[in-house]
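K.L.:
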Amino acid sequence: MTTATWQQQLRDCITQPSELIELLGLSQELSVQAQAALKQFPLRVPHSFVARMKKGDANDPLLRQVLPIAAELEDVEGFTGDPVGDLQANKLPGLIHKYHGRVLLTVAGACGVNCRYCFRREFPYADNNPGRKGWQPVLDYFAADNSIEEVIYSGGDPLIANDKQLAELTQQIADIKHIKRLRIHTRMPIVIPERVTDELLQWFTGSRLQPIMVVHCNHANEIGTNVKAAMESLKQAGVTLLNQSVLLQGVNDSAEALVNLSQALFDADILPYYLHLLDKVKGAAHFDVPKAQGVELSKAIANKLPGYLVPKLVREQEGELSKIIVR
Ligand SMILES: *Cc1c(COP(=O)(O)O)cnc(C)c1O
Ligand code: SF4
21 MTTATWQQQL
31 RDCITQPSEL
41 IELLGLSQEL
51 SVQAQAALKQ
61 FPLRVPHSFV
71 ARMKKGDAND
81 PLLRQVLPIA
91 AELEDVEGFT
101 GDPVGDLQAN
111 KLPGLIHKYH
121 GRVLLTVAGA
131 CGVNCRYCFR
141 REFPYADNNP
151 GRKGWQPVLD
161 YFAADNSIEE
171 VIYSGGDPLI
181 ANDKQLAELT
191 QQIADIKHIK
201 RLRIHTRMPI
211 VIPERVTDEL
221 LQWFTGSRLQ
231 PIMVVHCNHA
241 NEIGTNVKAA
251 MESLKQAGVT
261 LLNQSVLLQG
271 VNDSAEALVN
281 LSQALFDADI
291 LPYYLHLLDK
301 VKGAAHFDVP
311 KAQGVELSKA
321 IANKLPGYLV
331 PKLVREQEGE
341 LSKIIVR
């Protein structure tokens, strides 16, 4: 059996709770609440990610990240639509310039998976992709600001865009002399590792820009054989591989889960970079881990791991010049 291409896998994503629940051998009662909650943010998960879930376990840490539940419909004080202030930093369609020297490009509006805790639940990314013709104002903005050294492809998930588009954009960015680094923030190589194609390796590592990829993985079980193979080819092509996770109640909120995650990441050539406290987005309150507990967990894993396997515990703060280290 040949593996489906990433495009086929995207098209075949599961969007119906009943299908997901049947595949995992769980009670169809779960799909009634899922059906109500997905009206705010659709269910979307590739088969290959579901294959890494444990059958018959309604509390599986990967399932919890993707299955809509009734708790999403509760209004909880302090959980809002734009928790990180991205709408203010949105300088041009497709461009978010909040931090010194680094700019985010929202290259694509969609993702390979819809994560229930995501701030994208509410951000109007669909209106924020300038499309192929619209990059010129963004390129002009880069060219006019010598302080910009690093461009970050973000989204949605930037690797939803095809390699031809990304190759063109990358070439145009490489032509701007003061830009040194190209970083991709993506969950695609984790959920659909076949996204790491030869074409991707070519445009990503074939220009003068230094390539960095920050993947997004929250649990050791997300890293299977195909993810490892994808990471190995990126590493061999010279990509610096980092990971960011979100600290999520019921997913990775124990020292054991976090230690296992760091070990599994390093086995796949990835260094842990950030562990984020949850952005307080409406509908995700049930994932929140209090700051004090996050600090305790962070200390607990630091006592068990070499320093390079301990991610920085951070949170976003509107108006600050970087993410805030939480202690
Ligand atoms: C996280 C983030 C960056 C990159 O920040 P680093 O600390 O360099 O990883 C850039 N822009 C925005 C808007 C971000 O949220
Ligand atoms: S932006 Fe990242 S966290 Fe949010 S839904 Fe997409 S893949 Fe998941």
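FYI, the numbering for the sequence shown is 21 to 347, going by this note's numbering. Glycine included, each C-beta is placed from N, C-alpha and C at the ideal position. Only a predicted model underlies this, so the values are computations on that prediction, with no experimental measurement involved.
Assuming P209 is part of the alpha helix (DSSP H), what are its boundary residues?
P.N.:
Position 189 of the sequence shown holds residue 209. Unbroken alpha helix (DSSP H) run through P209: M208 to V211.
K.L.:
Contact defined as beta carbons within less than 8 Å: I believe N246 pairs with Q85. What is the distance between those atoms, to the nearest angstrom?
P.N.:
Counting from one through the sequence shown, the residue named residue 246 turns up at place 226. Counting from one through the sequence shown, the residue named residue 85 turns up at place 65. Actually they are not in contact, since the Cβ atoms of N246 and Q85 sit about 18 Å apart, beyond 8 Å.
K.L.:
Check the DSSP bridge columns for P292 and list the partner residues they point to.
P.N.:
The residue labelled residue 292 in the question sits at position 272 within the sequence shown. DSSP lists N263 as partners of P292.
K.L.:
Where does V334 fall in DSSP's three states?
P.N.:
Sequence index remark: in the sequence shown, residue 334 carries index 314 (1-based). V334 falls in the strand class under three-state DSSP.
K.L.:
Taking S38 as the reference, which of Q28, A320 and L63 has the closest Cα?
P.N.:
Residue numbering aside, residue 38 sits at position 18 when the sequence shown is read from its first letter. Here the closest residue by C-alpha is L63.
K.L.:
Is I116 near ligand 1 - that is, is its Cβ less than 7 Å away from at least one heavy atom of it?
P.N.:
The count along the sequence shown starts at 1 and reaches residue 116 at position 96. Checking the Cβ of I116 against ligand 1 gives yes.
K.L.:
Quick check on the DSSP output: the beta strand (DSSP E) that includes I116 runs from which residue to which?
P.N.:
As a working mapping, residue 116 is identified with position 96 in the sequence shown. Counting along the chain, the beta strand (DSSP E) containing I116 begins and ends at L115 to Y119.
K.L.:
Is it a yes or a no for the stretch 115-122 touching the stretch 266-277, going by three-plus beta-carbon pairs under 8 Å?
P.N.:
Cβ pair count under 8 Å is below three, so no.
K.L.:
Can you tell me where the beta strand (DSSP E) holding K59 begins and where it ends?
P.N.:
What you label residue 59 is simply residue 39 of the sequence shown in a count that begins at 1. Premise fails: K59 is in no beta strand (DSSP E) and is neither H nor E.
K.L.:
Between which two residues does the beta strand (DSSP E) containing L325 stretch?
P.N.:
In the sequence shown, counting from the first residue as 1, residue 325 sits at position 305. It is not in any beta strand (DSSP E) - L325 carries neither H nor E in the DSSP assignment.
K.L.:
Taking 8 Å as the cut-off, decide whether the C-beta atoms of V266 and H296 are in contact.
P.N.:
One-based indexing of the sequence shown puts residue 266 at position 246. One-based indexing of the sequence shown puts residue 296 at position 276. Going by C-beta atoms, V266 is nearer than 8 Å to H296.
K.L.:
Is it the case that the CB of V301 approaches a heavy atom of ligand 2 more closely than 7 Å?
P.N.:
If you number the sequence shown from 1, residue 301 lands on position 281. V301 Cβ: outside cutoff for every heavy atom of ligand 2.
K.L.:
Residue range of the alpha helix (DSSP H) that S253 falls in?
P.N.:
As a first step, residue 253 must be located in the sequence shown, where it is residue number 233. Run containing S253: T245 to Q256, per the alpha helix (DSSP H) assignment.
K.L.:
Starting from the Cα of M233, find the closest Cα among Q185, G244, Q269 and L179 and give me that residue.
P.N.:
Within the sequence shown, residue 233 is the residue found at index 213, counting from 1. When only C-alpha atoms are compared, the closest one is L179.
K.L.:
Could you tell me which residues DSSP puts in a beta bridge with S174?
P.N.:
As a first step, residue 174 must be located in the sequence shown, where it is residue number 154. According to DSSP, S174 bridges with T126.
K.L.:
Given that a residue counts as buried once 16 or more other Cβ atoms are within 10 Å of its Cβ, and exposed if not, what is V133?
P.N.:
Your numbering for residue 133 matches position 113 in the sequence shown. The residue is buried, with at least 16 neighbouring Cβ atoms inside 10 Å.
K.L.:
Could you tell me the boundaries of the alpha helix (DSSP H) in which N110 lies?
P.N.:
Position 90 of the sequence shown, counted from the first residue, corresponds to residue 110. No alpha helix (DSSP H) holds N110; the beta strand (DSSP E) holding it covers N110 to L112.
K.L.:
Are the Cβ atoms of D218 and E252 separated by less than 8 Å?
P.N.:
Position 198 of the sequence shown holds residue 218. Position 232 of the sequence shown holds residue 252. Cβ distance not < 8 Å, so D218 and E252 don't count as in contact.
K.L.:
Looking only at DSSP bridge pairs, what is V234 linked to?
P.N.:
Here the question's residue 234 lines up with position 214 in the sequence shown. Partner(s): H205 and L262.
K.L.:
Taking the alpha-carbon of C33 as reference, which of V171, N280, F69 and A284 has the nearest alpha-carbon?
P.N.:
Residue numbering aside, residue 33 sits at position 13 when the sequence shown is read from its first letter. Of the listed residues, the one whose Cα sits closest to C33 is F69.
K.L.:
Going by the DSSP bridge assignment, what does I345 pair with across the sheet?
P.N.:
One-based indexing of the sequence shown puts residue 345 at position 325. The partner list for I345 (beta bridge, DSSP) reads V334.
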